[in-house]
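Residue numbers (our numbering): -12 to 208.
1) Do residue 120 and residue 136 have their C-beta atoms within less than 7 Å of each other?
2) Could you have a look at residue 79 and say whether DSSP puts it in helix, strand or coil?
3) Can you give me the C-alpha to C-alpha distance between residue 55 and residue 167, rounded to a whole angstrom?
4) First and last residue of the alpha helix (DSSP H) that includes residue 37?
5) If you scan the segment 81 to 129 from start to end, which runs of the beta strand (DSSP E) of 3 or more residues do you find wholly inside it?
6) Look up residue 180 in the DSSP assignment and say whether it is helix, strand or coil.
7) To the nearest angstrom, report how far apart residue 208 and residue 48 are at their CA atoms.
8) Going along the chain, which residues of its own chain have a beta-carbon closer than 6 Å to the beta-carbon of residue 142, five neighbours each way excluded?
9) On the premise that residue 92 lies in contact with residue 104, defined as a C-beta separation below 8 Å, what is that separation, rounded to the nearest angstrom?
10) Anyone know if the C-beta pair for residue 187 and residue 33 falls short of 7 Å?
11) I need the boundaries of the alpha helix (DSSP H) containing residue -2, first residue and last residue.
12) Nearest by alpha-carbon distance to residue 70: which of 96, 43, 101 and 50 is it?
13) Would you mind sorting residue 82 into buried or exposed? The rule is 16 or more other CB atoms within 10 Å of its CB.
14) Could you tell me the boundaries of the beta strand (DSSP E) in which residue 149 lies?
15) Using only alpha-carbon positions, find the residue among 138, 201, 30 and 6 that is nearest to residue 174.
16) So residue 159 is in the beta strand (DSSP E); what residue range does that whole segment cover?
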């Protein structure tokens, strides 16, 4: 009788997760109710996209990760978001990292994990910012949900706005005339079509960032 009840309970919990995103009685994973799941889903995607972006820009060992929540997202169940962000940051560097084991792997490697909450967001209703500290630098990237779509709105202190895409080209450069045209021509010569082209800069003539979504993978060549 006990075995039958447990079997039914497991089946029901799996159905709840697959149909509604609800998580109950999971090992090493925060519980998520059926009511919370729809509200968390876009922010979970945002945390994963931001983490993947930050992780792919990280070339040396990670020493610390800070996840900063601002605005309405602070009222949600943030533990799944934090675990998703950590997993996405570490995935490009470590095999076998996932949303369940990411905190344990981070702890094993001595990576300090910090979660900061600010009830009021500056320019948006809600933002998630990742601050990744490595042996060489500290880099930030910030995202928000706008119209139900995750967007990146800051990189290394430079403001810009872009949606995430399957293939993206990230370029840092000096803010000077001719750069945009030269980059567009270079991609065109290699038959790489530009979907969106987003720019940001710190000061006129200073450091600038270009974030370009393209229709095909950009090869190392």
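Each residue gets a CB set at the ideal place from its N, CA and C atoms; glycine is no exception.
Quick look at the numbers:
1) Position 133 of the chain shown, counted from the start, is the residue given in the question as residue 120. Position 149 of the chain shown, counted from the start, is the residue given in the question as residue 136. Residue 120 places its beta carbon 7 Å or farther from that of residue 136.
2) Here residue 79 corresponds to residue number 92 of the chain shown, with the count starting at 1. If DSSP states are grouped into helix, strand and coil, residue 79 belongs with coil.
3) For the purposes of this step, residue 55 is taken as residue 68 along the chain shown, with counting starting at 1. For the purposes of this step, residue 167 is taken as residue 180 along the chain shown, with counting starting at 1. Annotation: residue 55 to residue 167 spans about 32 Å, alpha carbon to alpha carbon.
4) Within the chain shown, numbered from 1, the residue matching residue 37 stands at position 50. Secondary structure note for residue 37: its alpha helix (DSSP H) is the uninterrupted segment 23 to 43.
5) The qualifying runs are 99 to 105 and 113 to 121.
6) For the purposes of this step, residue 180 is taken as the residue at position 193 of the chain shown. Residue 180: coil per DSSP, three-state reduction.
7) Taking the chain shown and counting its residues from 1, one reaches residue 208 at position 221. Taking the chain shown and counting its residues from 1, one reaches residue 48 at position 61. Counting only the Cα atoms, residue 48 lies some 26 Å from residue 208.
8) Within the chain shown, the letter at position 155 stands for residue 142. Result list for residue 142: 128 and 196, in chain order.
9) Within the chain shown, residue 104 is the residue found at index 117, counting from 1. Within the chain shown, residue 92 is the residue found at index 105, counting from 1. In fact, because the Cβ distance is near 24 Å, the residues do not count as touching under 8 Å.
10) Your numbering for residue 187 matches position 200 in the chain shown. Your numbering for residue 33 matches position 46 in the chain shown. The answer is no: Cβ separation not under 7 Å.
11) Locating residue -2 in the chain shown gives position 11, counting from the first residue. In the DSSP assignment, residue -2 falls within the alpha helix (DSSP H) that extends over -11 to 7.
12) Counting from one through the chain shown, the residue named residue 70 turns up at place 83. Its Cα nearest to that of residue 70, the residue 101 stands out among 96, 43, 101 and 50.
13) As a position in the chain shown, residue 82 is number 95, starting the count at 1. Of the other Cβ atoms in all chains shown, fewer than 16 fall within 10 Å of the Cβ of residue 82; this residue is therefore exposed.
14) In the chain shown, counting from the first residue as 1, residue 149 sits at position 162. From DSSP, the beta strand (DSSP E) with residue 149 extends over 145 to 150.
15) As a first step, residue 174 is located in the chain shown; it is residue number 187 there, counting from the start. The shortest Cα separation from residue 174 among 138, 201, 30 and 6 belongs to 201.
16) The count along the chain shown starts at 1 and reaches residue 159 at position 172. Residue range 155 to 161 is occupied by the beta strand (DSSP E) that includes residue 159.
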